[in-house]
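Below, the structure is given as structure tokens:
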């Protein structure tokens, strides 16, 4: 690809945000964004998993292509992601049991987060080199973190407001996600 590193990074964070522009990774986005205390660590964990998955996917893709085994990409990427999530889960459980309990089921669900798999698949299909893959994964992770922290901030602020009964709970979360998505669509011209 002829994209500069800056274009790749800004595209992944803003213009092509995995959550708010591509609608990938919505499960943890809607589930963990109730409190800022859990949203930020979930964003950090997802960013780390995206980074590790991207590095490993780049190396595994090189091996698979040189061996003529490209058909094994998807299953290989899933194994890489599951291993990285297991590492994050063990470290979180050991060093922050409170955070581990607060994240609950959403921490192991990073394994099935479409945004994490999307990083590996998109970088492969766009034929990014090593440095572009690193920048893309960091941008994608920071974009995910930005989206989940913005959502948590707005939801915490709205908890202090009087909201009509009809718009409480899931309805409000979906409306907020839609508004944030519209805002991020304004960055679409910056991507390419």
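Residue numbers (our numbering): 1380 to 1571.
All C-beta atoms, glycine included, are put in the ideal place defined by N, C-alpha and C.
- One Cα belongs to residue 1456, the other to residue 1430, and the distance between them is close to 13 Å.
- Note that the region 1396-1408 does not touch the region 1471-1479; fewer than 3 beta-carbon pairs, one per stretch, sit closer than 8 Å.
- Taking C-beta atoms under 8 Å as the contact rule, residue 1412 and residue 1538 fail to qualify, at a distance of about 12 Å.
- In this structure, the alpha-carbon of residue 1513 lies about 9 Å from that of residue 1388.
- Only buried fits residue 1437, as 16 or more other CB atoms lie within 10 angstroms of its CB.
- In this chain, the alpha helix (DSSP H) harbouring residue 1456 covers 1452-1474.
- Taking all protein chains shown into account, residue 1567 has fewer than 16 neighbouring C-beta atoms within 10 Å of its C-beta and is therefore exposed.
- Judged by pairs of C-beta atoms under 8 Å, the region 1413-1425 does not touch the region 1384-1402, as fewer than three such pairs exist.
- For residue 1490 against residue 1461, the beta-carbon gap comes to about 5 Å, under 8 Å, which counts as contact.
- Rounded to whole angstroms, the separation of the alpha carbons of residue 1519 and residue 1498 is 7 Å.
- Each residue's CA atom was taken as its position, placing residue 1416 and residue 1488 some 18 Å apart.
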